[in-house]
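Data first, discussion second: the structure below is written as structure tokens.
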Amino acid sequence: MLLAQYEVLRENGHSPSEAFNETVEELTQSLMPLFAKNGMDWMYANCSTTAQRGALDWMTPFHDAIKPVVEKLYHSVKTGNEAQISIDSNSKPDYREKLEEELKALR
């Protein structure tokens, strides 16, 4: 979700630092500490009416888009498929090198 937001901001002319600040920085340094300290009810009550309106208007589309992905992932975990993927990958002699190569996509 953060990557998608970052990409949309960049595609619409925002600088890399601004796109980062509006996604990763704001979430991890501003919002999450407030969620942890005060809870969601406090956040909803104390954010701007623009943010409140956005939460109301976009909650259902985000839920509908994300729930099928979470269900698919949950099924894969529940059936042991995710564990088997890790076991198979980590059983190869060059697993660390291949893992590092794949992780480059996240950086």
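The letter at position 50 of the sequence shown is residue 50 when you use full-length UniProt numbering, and the numbering goes up by one with no holes.
All residues carry an ideal CB built from backbone N, CA and C; glycine is no exception.
These numbers were taken from a predicted model, which means no experiment stands behind them.
Residue Tyr6 holds the alpha-carbon nearest to the alpha-carbon of Glu18 among Arg96, Gln29, Tyr6, Asn38.
Annotation for Ala4: the continuous alpha helix (DSSP H) segment containing it runs 2-11.
Burial check for Thr60: the Cβ neighbour count within 10 Å stays below 16, so the residue is exposed. In the DSSP assignment, Leu34 falls within the alpha helix (DSSP H) that extends over 32-46. Look at Gly54 here: in three-state DSSP terms it is helix. By the neighbour-count criterion, in which a residue is buried when 16 or more other Cβ atoms sit within 10 angstroms of its Cβ, Thr50 is exposed.
Straight-line measurement puts the Cα of Leu27 at about 25 Å from the Cα of Glu102. Looking at the backbone, the Cα of Leu106 and that of Ala4 are separated by about 13 Å. About 14 Å separates the beta carbons of Leu56 and Met43, which is beyond the 8 Å limit, so they are not a contact pair.
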